[in-house]
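S.K.:
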Amino acid sequence: MAGIEAWPSPDAPGGLFVGKAWLSALEASGSVGDGTGWLPMPLYTGEGVAACPVYLKDHSYGEYVFDWAWAEAYQRAGLDYYPKLVVASPFTPIAGPRFLGDAKQRVALIAALEELQDEGDIASAHVLFPAEDEAQTLAERGWLLRDGVQFHWFNRGYRDFDDFLDTLSRDKRKKIRQERRRVMDAGITVRVKGGHATTSADWAFFAACYRNTYREHRSHPYLNLAFFEKLGRALPEAVRLVVAERDGKPIAASWFLVDKERLYGRYWGALEHVDCLHFELCYYAGIELAVAEGLAVFEGGAQGEHKLARGFEPVFTRSTHRIADPRFAGAIAAWLHHERAGIAAYHAECLAHRAYRATE
Numbered sequence: 428m429a430g431i432e433a434w435p436s437p438d439a440p441g442g443l444f445v446g447k448a449w450l451s452a453l454e455a456s457g458s459v460g461d462g463t464g465w466l467p468m469p470l471y472t473g474e475g476v477a478a479c480p481v482y483l484k485d486h487s488y489g490e491y492v493f494d495w496a497w498a499e500a501y502q503r504a505g506l507d508y509y510p511k512l513v514v515a516s517p518f519t520p521i522a523g524p525r526f527l528g529d530a531k532q533r534v535a536l537i538a539a540l541e542e543l544q545d546e547g548d549i550a551s552a553h554v555l556f557p558a559e560d561e562a563q564t565l566a567e568r569g570w571l572l573r574d575g576v577q578f579h580w581f582n583r584g585y586r587d588f589d590d591f592l593d594t595l596s597r598d599k600r601k602k603i604r605q606e607r608r609r610v611m612d613a614g615i616t617v618r619v620k621g622g623h624a625t626t627s628a629d630w631a632f633f634a635a636c637y638r639n640t641y642r643e644h645r646s647h648p649y650l651n652l653a654f655f656e657k658l659g660r661a662l663p664e665a666v667r668l669v670v671a672e673r674d675g676k677p678i679a680a681s682w683f684l685v686d687k688e689r690l691y692g693r694y695w696g697a698l699e700h701v702d703c704l705h706f707e708l709c710y711y712a713g714i715e716l717a718v719a720e721g722l723a724v725f726e727g728g729a730q731g732e733h734k735l736a737r738g739f740e741p742v743f744t745r746s747t748h749r750i751a752d753p754r755f756a757g758a759i760a761a762w763l764h765h766e767r768a769g770i771a772a773y774h775a776e777c778l779a780h781r782a783y784r785a786t787e
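So the number in our numbering is just where the residue sits in the sequence shown, counting from 1, plus 427.
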């Protein structure tokens with residue numbers, strides 16, 4: 428990435444996913460760049476003290492904000508939707524800062540992004556999972572606002588996992604205990620390794636698990652072993668690798684990252700099937716980590732209504748979109764208006780089905 432040495436280091440929640448270590452690991456490993464459909468075009472202002480991670484894209488994979496229908500509408504009209512500009516942390520549906528600088532620099536970066544779109548005659552620009560204040564600034568400049576829903580777990584000062592369970596309704600509490608018991612009865616033990624303790628063998632095993640998850644879903648993995656190794660070396664203090672073993676042999680793993688107040692569940696995989704092991708490694712181990720480390724929020728990743736039964740709660744996410752063609756801009760704005768009402772109703776329905784007792 429040009430000028431990466433001067434890249435800002437955002438300290439806000441989610442900031443590590445647009446920080447120097449994360450973005451440079453993506454590029455150095457070849458996870459983004461030529462041949463991936465993610466061409467880095469970072470914007471800078473203030474002599475490098477403010478920056479914005481911009482990518483020129485020729486597809487919509489790896490974004491977690493789905494605009495395939497928009498692309499199809501352009502195609503039916505005989506117009507090109509791609510390439511498009513995307514401001515995001517690639518493959519990472521985590522909200523956080525996207526315009527790295529103070530308020531004045533943020534406006535300058537947004538103006539530069541709009542100029543890049545206009546001068547390049549690019550059909551659309553998208554800012555995915557921005558911080559809330561950034562989304563509002565973009566909306567005030569005429570960008571279209573789109574809502575989504577994720578499921579996060581909130582630490583209410585729990586002493587331990589059982590303390591958390593005591594706040595759930597009886598049936599949800601019973602279900603979680605049964606799921607954890609199935610894993611234990613299968614002879615599985617779980618251990619957590621911090622980044623400083625991970626080895627090359629750990630990363631090779633995790634990368635194999637990660638690839639297997641994509642293989643089972645008949646998909647192609649976005650990341651590779653080189654990325655995990657490079658990030659593990661660059662951000663060891665942020666890494667938590669959770670490994671499931673049977674008879675001393677690793678069979679599955681999940682990968683988390685932490686900042687000052689949040690735990691982020693990213694990827695998992697298993698080399699053999701064990702009933703409920705996904706829930707154990709991706710959710711229950713994460714909750715235990717958040718409690719043990721005093722973290723306020725555990726973000727379990729995109730989508731997943733099944734998280735509700737396990738103590739997660741719905742939260743809104745945002746994305747913003749600038750559509751060059753006024754005809755499509757108007758049509759998409761009308762569609763987003765109706766979608767927003769549906770998302771609000773969905774959020775309210777999810778709230779009504781939280782796992783917590785009625786007194787919560």
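Think of the CB as a built atom: it goes at the ideal place given N, C-alpha and C, for glycine as much as any other residue.
#1: Identify whether I377 lies in helix, strand or coil by the three-state DSSP scheme.
#2: Going by beta carbon distance, what residues of the same chain come within less than 6 angstroms of A756, once the five residues before and after it are set aside?
#3: If we count the other Cβ atoms within 10 Å of its Cβ and call it buried at 16 or more, is L668 buried or exposed?
#4: By DSSP, does E787 sit in helix, in strand, or in coil?
#5: Quick check: the region 676–688 against the region 484–494, are at least 3 beta-carbon pairs closer than 8 angstroms?
#6: Any heavy atom of the ligand GTP closer than 7 angstroms to the beta-carbon of H553?
#7: Ignoring anything shorter than 4 residues or poking outside the region 519–565, list the alpha helix (DSSP H) runs there in chain order.
#8: Helix, strand or coil for W465? Go by DSSP, reduced to three states.
#9: Nearest-angstrom Cα distance between H623 and P663?
#10: Which residue marks the beginning of the alpha helix (DSSP H) containing E707, and which one marks its end?
#11: As a quick exercise: from G442, A455, D438, R503, pick the residue whose alpha carbon is nearest that of L658.
#12: From what residue to what residue does the alpha helix (DSSP H) around T640 run?
#13: Go through the region 676–704 residue by residue and report every complete run of the beta strand (DSSP E) that reaches 3 residues or more, in order.
#14: Can you tell me whether D574 is helix, strand or coil according to DSSP?
#15: State the start and end residues of the unbroken alpha helix (DSSP H) segment that holds K602.
#16: By DSSP, does F591 sit in helix, in strand, or in coil?
#17: Please tell me whether E672 and T616 are closer than 8 angstroms, where the distance is taken between their beta carbons.
#18: Can you give me the C-alpha to C-alpha distance between L595 and V724, rounded to a whole angstrom?
#19: Figure out for me which residue from Q730, F655, R754, E707 has the closest Cα to the Cα of H774.
#20: With which residues is W580 paired in a DSSP beta bridge?
#21: Among K676, P648, V476, P753, whose alpha-carbon lies nearest the alpha-carbon of L536?
#22: By the three-class DSSP mapping on this structure, what secondary structure does V481 have?
#23: For A661, which residues from the same chain have a beta carbon less than 7 angstroms from its beta carbon, with the 5 sequence-adjacent residues on both sides left out?
#24: To the nearest whole angstrom, what separates the beta carbons of Q563 and T744, a pair I think is in contact under 8 angstroms?
#25: Give me the DSSP bridge partner(s) of G460.
#26: With distances taken between CB atoms, is the gap from F591 to G738 smaller than 8 angstroms?
#27: Sort P524, W570, R583 by Cα distance to D560 and report the nearest one.
#28: Assess, as a yes-or-no matter, whether the region 710–726 is touched by the region 541–558 under the definition of 3 or more beta carbon pairs within less than 8 angstroms.
#29: Could you tell me whether the Cβ atoms of H579 and E740 are closer together than 8 angstroms?
#30: Considering only the alpha carbon of each residue, which of L443, S436, D438, P437 lies closest to V666?
#31: Quick one: Cα of K599 to Cα of A628, how far?
#32: Below 8 angstroms CB to CB, which residues in the same chain sit around E732 once its five sequence neighbours on both sides are set aside?
#33: Excluding the five sequence neighbours on either side, which residues of its own chain have a C-beta within less than 6 angstroms of the C-beta of F706, listed in chain order?
#34: What separation, rounded to the nearest whole angstrom, lies between the Cα atoms of M468 and A504?
#35: Can you tell me whether P520 is buried or exposed, with buried defined as 16 or more other CB within 10 angstroms of its CB?
#36: Assuming G489 and Y649 are in contact, meaning their beta carbons sit under 8 angstroms apart, how far apart are those beta carbons, in whole angstroms?
M.R.: Taking the coordinates as given:
#1: With the chain represented from 428 up to 787, any question about residue 377 goes unanswered, as that position is not in the structure.
#2: I750
#3: buried
#4: Its pLDDT being 46, under 50, E787 is placed unreliably by the model, and the measurement read from it follows with that caveat. Three-state result, E787: coil.
#5: no
#6: As for the ligand GTP, it is missing from this structure, which has no ligand bound.
#7: 530–546
#8: strand
#9: 5 angstroms
#10: Taken as a continuous stretch (DSSP letters only), E707 belongs to no alpha helix (DSSP H), as it is neither H nor E.
#11: A455
#12: 627–643
#13: 676–685, 689–697
#14: strand
#15: 597–612
#16: helix
#17: yes
#18: 17 angstroms
#19: Q730
#20: F725
#21: V476
#22: strand
#23: A448, A452
#24: Wrong, their Cβ atoms sit about 14 angstroms apart, outside the cutoff.
#25: W465
#26: yes
#27: P524
#28: no
#29: yes
#30: L443
#31: 37 angstroms
#32: F578, C777
#33: E606
#34: 28 angstroms
#35: buried
#36: 5 angstroms
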